[in-house]
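J.: Residue numbers for the sequence shown, in this note's numbering: 30 to 504.
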Amino acid sequence: MEGFLRSCSAVFKNGSEDGSGVHVVLGNEACDVDSMVSALTFAYFLFKTSGSAGKTPVPVLNIPRSEFPLRTDNAFLLRESGLAQESLVFRDEVDLLGLHRAGRLALSLVDHNVLPSADSDLEGAVVEVIDHHHLERLPSPSCPVTVETVGSCATLVTERIAQKAPEILDRQVAQLLYGTIVLDCVNMAPEAGKVTPKDSQYAFLLESRFPDLPPRGALFQSLQSAKFDVSGLTTEQMLLKDMKAASGGDLKLAVSVVYMTLDAFLQRRGLKQELCEFCHKHRFNLVVAMTISFNENNEPFRQLAVYSSSTLYREEVSQALERAQNPCLNLSPMSSPYADVKAYIQGNTLASRKKVLPIVKDFLREWERRTTRCGDLDDLDELEDQFDPSRSPGVDDDTRPRRYSASRQRRPGAVAAEDSGPDEDAQVPPTPMNSLVEGCPLDNGMPRISAEAILEKFSKMAEAEPGEGGAAGEL
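1) Helix or strand or just coil, what does DSSP make of residue 65?
2) On the criterion of 16 or more Cβ atoms from any shown chain inside 10 Å, does residue 324 qualify as buried, or is it exposed?
3) Quick check on the DSSP output: the beta strand (DSSP E) that includes residue 323 runs from which residue to which?
4) Which residues in the same chain as residue 397 place their Cβ atom closer than 7 Å to its Cβ, once the five residues preceding and following it in sequence are excluded?
5) Select from 161, 282, 41 the residue whose C-alpha is nearest the C-alpha of residue 383.
6) Answer with buried or exposed for residue 439, where buried requires no fewer than 16 other C-beta atoms within 10 angstroms of its C-beta.
7) To which residues of the same chain is residue 59 closer than 7 Å at the C-beta, ignoring the five residues directly before and after it?
8) Within this structure, are the beta carbons of residue 2 and residue 122 separated by less than 8 Å?
9) Among 282, 297, 280, 55, whose alpha-carbon lies nearest the alpha-carbon of residue 152?
10) Excluding the 5 residues preceding and the 5 following residue 177 in the sequence, name in chain order all residues of the same chain whose CB lies nearer than 8 Å to its CB.
11) In the DSSP assignment, the alpha helix (DSSP H) including residue 211 goes from what residue to what residue?
12) Indicate whether residue 314 and residue 336 have their beta-carbon atoms separated by less than 8 Å.
13) Which residue or residues does DSSP assign as beta-bridge partners of residue 119?
14) List the residues that DSSP assigns as beta-bridge partners of residue 341.
15) At a cut of 8 Å, does the stretch 244-262 reach the stretch 213-231 through at least three beta carbon pairs?
16) Answer with buried or exposed for residue 367, where buried requires no fewer than 16 other C-beta atoms within 10 angstroms of its C-beta.
17) With 16 as the cutoff for other CB atoms within 10 Å, does residue 233 come out buried or exposed?
18) Taking 8 Å as the cut-off, decide whether the C-beta atoms of residue 97 and residue 119 are in contact.
19) Quick test of your reading: residue 212 and residue 235, contact by CB under 8 Å. State the CB separation rounded to the nearest angstrom.
20) At what residues does the beta strand (DSSP E) containing residue 285 begin and finish?
21) To the nearest angstrom, how far is it from the Cα of residue 262 to the Cα of residue 193?
22) When DSSP builds the beta bridges, which residues end up paired with residue 190?
23) Whole angstroms are fine: how far does the CA of residue 221 sit from the CA of residue 473?
24) Could you tell me whether the stretch 285-295 touches the stretch 344-356, where touching means 3 or more Cβ pairs closer than 8 Å?
25) Consult DSSP for residue 262 and reduce its assignment to one of helix, strand or coil.
26) Could you tell me the distance, in whole angstroms, from the CA atom of residue 257 to the CA atom of residue 107?
27) The ligand ATP and residue 33: does any heavy atom of the ligand fall closer than 7 Å to the residue's C-beta?
28) Is residue 18 helix, strand or coil when you go by DSSP?
29) Mapping the DSSP letters down to three states, classify residue 349 as helix, strand or coil.
30) Please report the distance separating the alpha-carbon of residue 379 from that of residue 61.
31) Helix, strand or coil, according to DSSP, for residue 296 in the structure here?
32) Report the residue from 254, 250, 198, 255 whose alpha carbon sits nearest the alpha carbon of residue 231.
33) Buried or exposed: which applies to residue 3, given that a residue is buried once 16 or more other Cβ atoms fall within 10 Å of its Cβ?
34) For residue 408, which residues from the same chain have a beta carbon less than 7 Å from its beta carbon, with the 5 sequence-adjacent residues on both sides left out?
35) Taking the alpha carbon of residue 316 as the reference point, which residue from 361, 327, 357, 267 has its own alpha carbon closest?
36) Which term fits residue 88, buried or exposed, when burial requires 16 or more other beta carbons within 10 angstroms of its beta carbon?
Written out as structure tokens, the structure reads:
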């Protein structure tokens, strides 16, 4: 496989000047071990079986190369399998959109079955899907889909290889697949709730064909130790290490797996500032941190935190998680040192991120529907008032500063800066991100309009003669 990966890397280093097509096998944006190995081995399968219709198969890891050192378990498995990181191809090294527009791209998705919104323009290039998550893709005769909720996507890739081209299953490929299945299925322990009969079937097949593979328990412990090694990582690196993003309407959030207890995470020095900076840098409004640790019996212990400097977003997402029934997370509130962070013990320890993400995505679809339905700014302000702790009956609406989101600046009936006339005082400065609207430390330098300035403007308009200040209905 090493030679195959080197040739893949050369395709892009040479700029693909021959104009030939490329069949990219793309894992998900978390780029965990399963995503990486599924991409590598399925691309290798396509290469060996000439299953790419004349296009060169290339596995692409769906993160920038600079982030790969954060995937400590990925790096460990590569080393143990005798593969060099230098031979890998990363997302920031490939212009997928350019290839697609040139008609040179075929795209297979592994370990996810729908593209994120940022990659929606690539949808026309998708020719196959292999995944073990909840099916979200609409059926299409041009795109065969293999989706089965097994413990590891690598199990489905192993099945494809064993059934279609068992001769390419050498020891190096077997170790990649075996290590991934064992890690994803928590050492094949039924009590962890991850392993299925098909995972066990193909783990046993690999063990039978290659009896010199590392012992299952020892391999799992080594990978687990590497995965949980967060020593020296910043908060940003911890959140990026195993993160998936999702969005709906004006809300963009990250769901990150954090490999320590929530108590230890919340005690990190300067955490609130770092969470705010993370949201600002990566343009998130909210972060869901799912922490996981293991006791001496190797049983998982899960906790969950929801961070946003917007009370509305934080409360809405928290309530969606609290109310979830498919599955029920069994969340119990725990104390948090920060008002912007809601913290929980997650009683349902079997609910991994794979099971929580559909809850989040369902909420985001409903959120987008609700916010799109709002016809004017006041509708959403009323919704926000429900979660504003400073809001109480009798507060004068006219003196209360409003909080507007960027996505609502150009709604019918609302005034845009370019429509407000030549008066400099009426020009609206850029609206800060929603993640910064309620006390984020980075918010201090952002331009704002004070309530007094707004009242003064309204007073001037009220005093103006008809024809001098414009009709009030134009505001």
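Even glycine gets a Cβ: it sits at the ideal position worked out from N, Cα and C.
T.: Quick answer:
1) In the sequence shown, the residue the question calls residue 65 occupies position 36. Here residue 65 sits in helix by DSSP.
2) Start at 1 with the first residue of the sequence shown, and residue 324 comes out as number 295. Exposed, because fewer than 16 other Cβ atoms sit within 10 Å of the Cβ of residue 324.
3) The residue given as residue 323 occupies position 294 in the sequence shown. First-last of the beta strand (DSSP E) with residue 323: 315-323.
4) Translated into positions along the sequence shown, residue 397 becomes position 368. Around residue 397: 277, 278.
5) Within the sequence shown, the letter at position 354 stands for residue 383. If we check each option's Cα against that of residue 383, 161 comes out closest.
6) Position 410 of the sequence shown, counting from 1, holds the residue named residue 439. Any answer about residue 439 is weak, because its pLDDT of 35 lies below 50 and its placement is not dependable; what the coordinates show is given next. The residue in question, residue 439, is exposed, as its Cβ has fewer than 16 Cβ neighbours within 10 Å.
7) The residue labelled residue 59 in the question sits at position 30 within the sequence shown. Cβ within range, chain order: 271, 272, 273.
8) Residue 2 is absent from the structure shown; the chain starts at 30 and stops at 504.
9) Stepping through the sequence shown from its first residue, residue 152 is reached at position 123. Selected option, being the one with the closest Cα: 55.
10) Counting from one through the sequence shown, the residue named residue 177 turns up at place 148. Once the five neighbours on either side are set aside, the close Cβ partners of residue 177 are 161, 185, 227.
11) Here residue 211 corresponds to residue number 182 of the sequence shown, with the count starting at 1. Residue 211 -> alpha helix (DSSP H) spans 200-213.
12) Within the sequence shown, residue 314 is the residue found at index 285, counting from 1. Within the sequence shown, residue 336 is the residue found at index 307, counting from 1. Contact flag unset, no.
13) Position 90 of the sequence shown, counted from the first residue, corresponds to residue 119. Partner(s): 90.
14) Along the sequence shown, one-based indexing puts residue 341 at 312. Paired residues: none, contrary to the question.
15) yes
16) Translated into positions along the sequence shown, residue 367 becomes position 338. The residue in question, residue 367, is exposed, as its Cβ has fewer than 16 Cβ neighbours within 10 Å.
17) Within the sequence shown, residue 233 is the residue found at index 204, counting from 1. It counts as exposed.
18) By 1-based counting over the sequence shown, the position of residue 97 is 68. By 1-based counting over the sequence shown, the position of residue 119 is 90. Yes; because the gap between Cβ atoms is below 8 Å, this pair is in contact.
19) Residue numbering aside, residue 212 sits at position 183 when the sequence shown is read from its first letter. Residue numbering aside, residue 235 sits at position 206 when the sequence shown is read from its first letter. 13 Å between Cβ atoms; not a contact.
20) Indexing the sequence shown from 1 puts residue 285 at position 256. 280-287 is the extent of the beta strand (DSSP E) around residue 285.
21) Counted from its first residue, the sequence shown places residue 262 at position 233. Counted from its first residue, the sequence shown places residue 193 at position 164. Rounded to the nearest angstrom, the two C-alpha atoms are 42 Å apart.
22) The residue labelled residue 190 in the question sits at position 161 within the sequence shown. BP columns for residue 190 are empty, so no partner.
23) On the sequence shown, residue 473 is found 444 positions in, with the first residue counted as 1. On the sequence shown, residue 221 is found 192 positions in, with the first residue counted as 1. Summary for residue 473: the model assigns pLDDT 49, below 50, so the residue's position carries little reliability; its value from the coordinates is reported in the next sentence. So the two alpha carbons sit approximately 46 Å from each other.
24) no
25) Locating residue 262 in the sequence shown gives position 233, counting from the first residue. Residue 262: coil per DSSP, three-state reduction.
26) Translated into positions along the sequence shown, residue 257 becomes position 228. Translated into positions along the sequence shown, residue 107 becomes position 78. The straight-line gap from Cα to Cα measures roughly 17 Å.
27) This structure simply doesn't include the ligand ATP, nor any ligand for that matter.
28) The shown model of the chain, from 30 to 504, leaves out residue 18, and the question about it has no answer.
29) One-based indexing of the sequence shown puts residue 349 at position 320. In this structure, residue 349 counts as helix in the three-state DSSP scheme.
30) For the purposes of this step, residue 379 is taken as residue 350 along the sequence shown, with counting starting at 1. For the purposes of this step, residue 61 is taken as residue 32 along the sequence shown, with counting starting at 1. Answer to the nearest angstrom: the Cα atoms are 19 Å apart.
31) As a position in the sequence shown, residue 296 is number 267, starting the count at 1. Reduced to three states, the DSSP call for residue 296 is coil.
32) Along the sequence shown, read from residue 1 onward, the residue named residue 231 stands at position 202. Minimum Cα distance to residue 231 is reached at 198.
33) Residue 3 lies beyond the range of the chain shown here (30 to 504); nothing can be said about it.
34) Locating residue 408 in the sequence shown gives position 379, counting from the first residue. Legend: pLDDT at residue 408 = 48, less than 50; position of this residue unreliable, no value from coordinates given.
35) Looking up residue 316 in the sequence shown gives position 287. Ranking 361, 327, 357, 267 by Cα distance to residue 316 puts 267 first.
36) Numbered from its first residue, the sequence shown carries residue 88 at position 59. When all chains shown are included, residue 88 counts as buried.
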